[in-house]
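Q:
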Amino acid sequence: MVVGGLVPLVGLLLDARTGALGANPVQRALLQTGLLALALLLLSLACTPLRTLSGWTWPARVRRALGLLAFAYAALHFLIYLFDHGLTPGVVLEDVLERPFITVGFVALVLLIPLAVTSTPRMVRRLGFVRWQRLHRAVYAAAALGALHYWWGVKKDHTGPLVAALALAALLVARWVRAPRRRS
Amino acid sequence: MTNPPPGRPFEDPDEQERRAVTRRAFLRGAALFTGTAAALGGGLELLTRRPGAAPAPSAAPPLVAAPRALGPYDTAEPLTPYAQATTYNNYYEFGLGKADPARLAGGLRTQPWTVLIDGEVRAPLQVDLDRLRSWFTPEDRIYRMRCVEGWSMVMPWQGFPLAALLRRAEPTGHARYVQFTALHDPQQFPGQRGDVLAWPYVEGLRLDEALHPLTLLAVGLNGRALPNQNGAPLRLVVPWKYGFKSIKAVVRITLTRTQPPTTWSLAAPQEYGFYANVNPAVPHPRWSQATEQRIGEWGRQPTLPFNGYAREVADLYRGMDLRVFF
Numbered sequence: 001m002v003v004g005g006l007v008p009l010v011g012l013l014l015d016a017r018t019g020a021l022g023a024n025p026v027q028r029a030l031l032q033t034g035l036l037a038l039a040l041l042l043l044s045l046a047c048t049p050l051r052t053l054s055g056w057t058w059p060a061r062v063r064r065a066l067g068l069l070a071f072a073y074a075a076l077h078f079l080i081y082l083f084d085h086g087l088t089p090g091v092v093l094e095d096v097l098e099r100p101f102i103t104v105g106f107v108a109l110v111l112l113i114p115l116a117v118t119s120t121p122r123m124v125r126r127l128g129f130v131r132w133q134r135l136h137r138a139v140y141a142a143a144a145l146g147a148l149h150y151w152w153g154v155k156k157d158h159t160g161p162l163v164a165a166l167a168l169a170a171l172l173v174a175r176w177v178r179a180p181r182r183r184s
Numbered sequence: 001m002t003n004p005p006p007g008r009p010f011e012d013p014d015e016q017e018r019r020a021v022t023r024r025a026f027l028r029g030a031a032l033f034t035g036t037a038a039a040l041g042g043g044l045e046l047l048t049r050r051p052g053a054a055p056a057p058s059a060a061p062p063l064v065a066a067p068r069a070l071g072p073y074d075t076a077e078p079l080t081p082y083a084q085a086t087t088y089n090n091y092y093e094f095g096l097g098k099a100d101p102a103r104l105a106g107g108l109r110t111q112p113w114t115v116l117i118d119g120e121v122r123a124p125l126q127v128d129l130d131r132l133r134s135w136f137t138p139e140d141r142i143y144r145m146r147c148v149e150g151w152s153m154v155m156p157w158q159g160f161p162l163a164a165l166l167r168r169a170e171p172t173g174h175a176r177y178v179q180f181t182a183l184h185d186p187q188q189f190p191g192q193r194g195d196v197l198a199w200p201y202v203e204g205l206r207l208d209e210a211l212h213p214l215t216l217l218a219v220g221l222n223g224r225a226l227p228n229q230n231g232a233p234l235r236l237v238v239p240w241k242y243g244f245k246s247i248k249a250v251v252r253i254t255l256t257r258t259q260p261p262t263t264w265s266l267a268a269p270q271e272y273g274f275y276a277n278v279n280p281a282v283p284h285p286r287w288s289q290a291t292e293q294r295i296g297e298w299g300r301q302p303t304l305p306f307n308g309y310a311r312e313v314a315d316l317y318r319g320m321d322l323r324v325f326f
């Protein structure tokens, strides 16, 4: 599944070679990796509600892979941005510190790092499930910041960001409604 | 919040992977691979459509005889490939995607085309474009073009100075600004069927900016008639300002006493000002303007004040704080 999830990356590289990324390939690669990161993050968040609602068990099994794929694409998105800015720390630092659009995207990525690091069963055992779960709630913040970053990145036509924000809101509501009763 | 609830065993995919690969597991893996690849790849394809094919080169006869020496305003930088300059366009009348204009601009009728020049002028006129073009000899101008989004091109325009046309209409002493209006026709402009911007597109210049010899009314690109997606049949080119100032498909030019509204500053006044001079020292609220991506090249290059035309135009803004009048 992780391998399958990396197929769009192969497509991206092939497109880059053939010039199918268009006149501004860097911009397009940024857009595609960013979109994949957010979509995968939302999909990983959909797993638990989907399992509870449907009774299926497979969503729980793919959840971690989706989360890690999301992190991989987010990291790649940031790397492309870094290379696009000539790897000049000054420019990037100024962007991160002074422009909220960049700040929220950067914070979202940083929030995902500890989650990716602690994604193995061994780390869950080491941290203890409760602490692990508390830590992994940061994924909501990351997704919300990611959606905001997407919203601010669009000059006009906020359809895409709106869909992402509504999906996130629906997923949060699904959890919130379910949480106190704790049915399973 | 203490323990995993009963009936919700903690899943351990690693454990499963370590087990011997059964036929069933293999099939499931293959299905997951195919499903994920198809869903993500297909979804991405749908969400960010590929740029359309490059349009056929214009069949129009050349506007000017071939090679020539560089003029005083020309840049010697390499031209942006024609195929990219005509397929990577911001032209929201046709759609929000950069490839939409090249794909959808075929339906625009650029003939007949009349331009109205009115307002604070002694000799208002409404003139057919063919007639208007016969008044002037097209000039070649190789200009840098800098988009507010951070990319740039080098474009070989053909056209005539806006000043030449304005003088024909004889501006009155009250004229201080020039307002430009683009064609409004949702039949021909699919993007105008929605209200992403307040149609028609309007732009404006101060009169001294409009009269500056760099300010061009373009009718051609690469020695041929202007492609529709690049603003045919008549567009403004103001090379020291961000690209959105250079309004396309102009049908009306009105001289005014007061500063006219401009489409992008109506849409987002905190991001797009009336002046929109290219200025690496004034960042856009969401990104730095210090560097730019030259289309067709790798890496970014520094953006120059007034897009490299400071020597020609900096005087126009003496005494103005360009952070305030951005």
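So the protein sequences, as listed, match chains A and B.
All letters in the first sequence, in the order written, are residues 1 to 184 by the UniProt record's numbering.
All letters in the second sequence, in the order written, are residues 1 to 326 by the UniProt record's numbering.
C-beta: ideal position from N, C-alpha, C; glycine also.
Here the structure is a predicted model, which is why all the values come from computation and not from measurement.
(1) Leaving out five residues before and five after residue 331 of chain B in sequence, what residues of the same chain have Cβ atoms less than 6 Å from its Cβ?
(2) On the three-state DSSP scale, how would you describe A225 of chain B?
(3) Name the DSSP bridge partner or partners of H184 of chain B?
(4) Roughly how many angstroms lie between the CA atoms of A108 of chain A and W240 of chain B, to the nearest whole one?
(5) Quick one: which residues of the region 295-310 of chain B get their C-beta closer than 9 Å to a C-beta of chain E? List them in chain order.
(6) From R139 of chain B to A281 of chain B, what does the alpha carbon distance come to, in whole angstroms?
(7) Between R23 of chain A and chain B, is any beta-carbon pair separated by less than 8 Å?
(8) Helix, strand or coil for M320 of chain B? Go by DSSP, reduced to three states.
(9) Could you tell me if H174 of chain B is buried or exposed, where buried requires 16 or more neighbouring beta carbons within 10 angstroms of its beta carbon?
(10) Using a 10 Å radius around the Cβ and a threshold of 16 neighbouring Cβ atoms, would you call E203 of chain B buried or exposed?
(11) Going along chain B, which residues have a C-beta under 7 Å from W152 of chain A?
(12) Are the C-beta atoms of P161 of chain A and some chain B residue less than 8 Å apart?
(13) According to DSSP, is N89 of chain B helix, strand or coil?
(14) By alpha-carbon positions, which one of A:D95, A:L68, A:L82 and A:A29 ends up nearest to V117 of chain A?
(15) In the structure shown, what three-state DSSP assignment does V177 of chain A receive?
(16) Quick one: grab the DSSP three-state call for R183 of chain A.
(17) Counting contacts by CB-CB distance shorter than 8 Å, is T87 of chain B in contact with chain A?
(18) Using a Cβ cut-off of 8 Å, pull out every chain A residue sitting near G41 of chain B, in sequence order please.
(19) What residue does the beta strand (DSSP E) around G204 of chain B start on, and which one ends it?
(20) Does Q27 of chain A pass the burial test, meaning 16 or more other C-beta atoms within 10 Å, or should it be called exposed?
(21) Can you confirm whether the region 91-100 of chain B touches the region 280-299 of chain B when touching is taken to mean that 3 or more C-beta pairs between the two stretches lie within less than 8 Å?
(22) For L87 of chain A, decide whether its Cβ has a neighbour in chain B, counting only Cβ atoms nearer than 8 Å.
(23) Using a C-beta cutoff of 8 Å, does A99 of chain B count as contacting chain A?
(24) By how many angstroms is the C-alpha of I80 of chain A removed from the C-alpha of T159 of chain A?
(25) Tell me whether A53 of chain B sits in a helix, a strand or coil according to DSSP, three-state version.
(26) V26 of chain A touches chain B at which residues, Cβ-Cβ below 7 Å?
(27) If distances are taken between C-alpha atoms only, which option among B:G71, B:T86, B:L125 and B:P101 comes closest to V251 of chain B?
(28) By the 10 Å Cβ neighbour count, where 16 or more other Cβ atoms means buried, how is V178 of chain B classified, buried or exposed?
(29) Please report how far the alpha carbon of W199 of chain B lies from the alpha carbon of M123 of chain A, in whole angstroms.
(30) List, in order along the chain, the chain B residues whose C-beta lies closer than 9 Å to that of residue 212 of chain A?
(31) Extract the residue ranges of the beta strand (DSSP E) inside the UniProt domain "Oxidoreductase molybdopterin-binding" (110-264) of chain B, only unbroken runs of 3 or more that lie entirely within it.
(32) Please list, in chain order, the residues of the region 90-116 of chain B that have any C-beta partner in chain A closer than 8 Å.
(33) Is there at least one Cβ from chain B nearer than 8 Å to V35 of chain A's Cβ?
(34) Can you find a CB in chain B that lies within less than 8 Å of the CB of V107 of chain A?
(35) Which chain B residues sit within Cβ distance under 7 Å of A72 of chain A?
(36) Under three-state DSSP, which class holds G107 of chain B?
A: This is what the structure holds:
(1) Because residue 331 of chain B is not part of the residues shown, which for chain B are 1 to 326, the question remains open.
(2) It is a strand residue.
(3) Per DSSP, none; premise fails for H184 of chain B.
(4) Each residue's Cα considered, the two are about 37 Å apart.
(5) Included in the structure are the protein chains A and B, with no chain E among them.
(6) Position check: residue 139 of chain B holds Glu in this sequence, whereas Arg was assumed. Each residue's alpha carbon lies about 32 Å from the other.
(7) Checking the sequence, you will find Ala at residue 23 of chain A rather than Arg. Yes, contact with chain B.
(8) Shown here, M320 of chain B sits in coil according to DSSP, grouped into three states, outside any helix or strand.
(9) By the neighbour-count rule (16 or more Cβ atoms within 10 Å), H174 of chain B is not buried but exposed.
(10) Burial state of E203 of chain B is buried, judged by a 10 Å Cβ sphere holding 16 or more other Cβ atoms.
(11) Simply R286.
(12) Not closer than 8 Å to any Cβ of chain B, the Cβ of P161 of chain A fails to qualify, so no.
(13) In the structure shown, the three-state DSSP call for N89 of chain B is coil.
(14) Minimum Cα distance to V117 of chain A is reached at A:L68.
(15) In the structure shown, the three-state DSSP call for V177 of chain A is helix.
(16) Annotation note: pLDDT 48 at R183 of chain A (below 50); position unreliable, coordinate value reported separately. Assignment of R183 of chain A by DSSP, reduced to helix, strand and coil, places it in the coil class.
(17) True, the Cβ-Cβ gap to chain A drops below 8 Å.
(18) The answer, in chain order, is V7, P8 and G11.
(19) Taken as a continuous stretch (DSSP letters only), the beta strand (DSSP E) holding G204 of chain B covers V202 to R206.
(20) The residue is buried, with at least 16 neighbouring Cβ atoms inside 10 Å.
(21) Verdict: no, contact absent.
(22) Judged by the 8 Å Cβ criterion, L87 of chain A is not in contact with chain B.
(23) Closer than 8 Å to some Cβ of chain A, the Cβ of A99 of chain B qualifies, so yes.
(24) In a straight line, the C-alpha of T159 of chain A is about 24 Å away from that of I80 of chain A.
(25) Low confidence applies to A53 of chain B: its pLDDT is 47, below 50, so where it sits in the model is not reliable enough to give any reading.
(26) Chain B residues near V26 of chain A: Q293.
(27) Closest option to V251 of chain B, Cα to Cα, is B:L125.
(28) V178 of chain B comes out buried.
(29) Straight across, the Cα-Cα distance linking W199 of chain B with M123 of chain A is about 57 Å.
(30) As shown, chain A starts at 1 and ends at 184. That puts residue 212 of chain A outside it, with no answer to give.
(31) For the UniProt domain "Oxidoreductase molybdopterin-binding" (110-264) of chain B, the continuous beta strand (DSSP E) assignments of 3+ residues that do not extend past its boundaries occur at 114-119, 125-128, 139-146, 151-161, 177-182, 202-206, 216-221, 235-237 and 250-256, in sequence order.
(32) Taking 8 Å as the cut-off between beta carbons, the residues of the region 90-116 of chain B near chain A are Y92, L96, K98 and A99, in sequence order.
(33) A small fix is needed here, since residue 35 of chain A is Leu in this sequence, not Val. So, interface residue.
(34) Under the 8 Å criterion on CB atoms, V107 of chain A is classed as non-interfacial with respect to chain B.
(35) Chain B residues near A72 of chain A: none, gap ~12 Å exceeds 7 Å.
(36) Note: G107 of chain B maps to helix in three-state DSSP.
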